[in-house]
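Notes follow once the structure below has been shown.
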Amino acid sequence: MVMSFLAIEAVFLAGYDSGEKRRIPAWCDRILYRDSKNHSGADCCLDCPVVSSVSQYDACMEVTDSDHKPVRCIFNVKIARIDESVRRQEFGNIINTNKKIRVILGELSKVPETIVSTNNIILQNHDSTILRVTNKSEKHIAFFRIICQGHSNVEEDGQARDHRARGSFGFPQWLEVSPGTGIIKPNQIAEVSVHLEDFPTVEEFVDGVAQNSWCEDTRDEEVILVLVVHGRFSTETRNHRIRVRHCPRGGSAKKQGKASGEINALHRSDCQQLSKTLDVVEQLRNLHSP
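All residue numbers in the sequence shown are consecutive under the UniProt record's numbering, ending with 290.
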């Protein structure tokens with residue numbers, strides 16, 4: 001007993017080397033400890049706030065450069081009350097100073113690099129378009145979800161301004177996006193169908209009164225879709241914005257002519273029935289084949 005410290009009962013052979021003394025002095029061959037309990041079997045409580053027990057105590061027999069074999073011990077410690085502010089501070093100190101942990105956290109927080117096949121889509125006459133999302137990472141899985149950031153009518157000059165946010169970032173009634181969420185394995189491609197929904201037309205009127213609670217707005221409309229990508233453990237995200245324009249009368253499409261066809265890189269002619277994830281090399285070969 002040293003100043004109320006307790007010595008753990010040794011269950012291993014003495015570590016003293018009785019041979020020729022040509023090694024550096026030992027730093028320790030016993031472990032002493034002290035907690036709040038004044039007798040064995042005491043429970044952890046406010047009157048006895050720290051109670052410890054030994055789960056492992058042995059000698060490092062593989063060490064050969066000391067006159068004594070070092071010993072090691074693993075304690076189980078129960079604390080009656082934890083100061084959360086101190087705990088958070090110590091946790092932060094460990095995160096900031098431990099290089100190994102910082103490297104691990106850096107790997108876990110990475111957002112896989114992804115690309116989308118187009119950033120502009122034009123839909124008319126019940127069109128369907130395939131939006132392809134490629135995960136370029138060699139080893140990380142990418143998670144994605146698609147939301148509607150804003151919705152606006154297209155003005156006479158062909159521009160859409162003042163996009164209004166929608167409740168819960170939902171899609172307008174004329175637009176169907178499927179799947180809205182998904183997982184992309186490394187070096188794989190996910191396909192998202194962007195479809196113009198069927199809805200009542202202006203012909204569905206009787207004596208000038210619509211027979212449904214709503215009818216088609218013949219003005220061109222535009223929504224901004226945001227594809228949000230994150231990694232398996234990351235809280236950081238990477239966003240892709242895709243403009244989707246609905247042209248019920250085909251007016252904007254006629255004005256833009258060939259340029260619109262070039263912008264809408266994935267129009268109906270490119271709507272193949274493909275699996276949800278494809279090998280990147282095979283997919284690129286299919287795109288370039290006649």
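Virtual Cβ for every residue (Gly too), placed ideally from N, Cα, C.
Around the beta-carbon of Cys-148, 16 or more other beta-carbon atoms lie within 10 Å, marking it buried.
About 38 Å separates the CB atoms of Ser-109 and Glu-221; that is not less than 8 Å, and the two are not in contact. Assignment of Phe-91 by DSSP, reduced to helix, strand and coil, places it in the helix class.
Remark: C-beta atoms of Phe-144 and Thr-181 approach each other more closely than 8 Å. Under DSSP, the beta-bridge partners assigned to Lys-78 are Val-51. A direct Cα-Cα distance of roughly 21 Å separates Asn-98 from Ile-74. Here Phe-5 is exposed, its C-beta having fewer than 16 other C-beta atoms within 10 Å.
Under the Cβ criterion (8 Å, minimum of three pairs), the region 148-157 does not count as touching the region 122-138. Burial is judged here by how many other beta carbons sit within 10 angstroms of a residue's own beta carbon; Ser-117 has at least 16 and is buried. At a Cβ-Cβ threshold of 8 Å, Ile-121 and Val-244 count as neighbours. Considering only Gln-56, Ala-165, Leu-123 and Pro-248, the residue with the shortest C-alpha distance to Val-194 is Leu-123. Ranked by Cα distance from Arg-30, the first of Glu-9, Glu-62 and Gln-188 is Glu-9. Judged by beta-carbon spacing, Ala-80 lies within the 8 Å limit of Pro-49, meaning their Cβ atoms are closer than that value. Between the alpha carbons of Cys-44 and Arg-34 lies a distance of about 14 Å. In the DSSP assignment, Thr-134 is bridged to Ile-115 and Ile-189. Under the DSSP assignment, Glu-107 falls in the alpha helix (DSSP H) whose first and last residues are 99-108. Taken atom to atom, the span from the alpha-carbon of Ser-178 to that of Arg-219 is near 25 Å. Counting the other Cβ atoms within 10 Å of the Cβ of Glu-138 gives fewer than 16, which makes it exposed.
Under the DSSP assignment, Gly-182 falls in the beta strand (DSSP E) whose first and last residues are 181-184. Taking C-beta atoms under 8 Å as the contact rule, Arg-238 and Thr-114 qualify, at a distance of about 7 Å. Under DSSP, Asp-58 shares a beta bridge with Arg-72. In the assembly as shown, Ile-189 is a buried residue. Its beta-carbon has 16 or more other beta-carbons within 10 Å.
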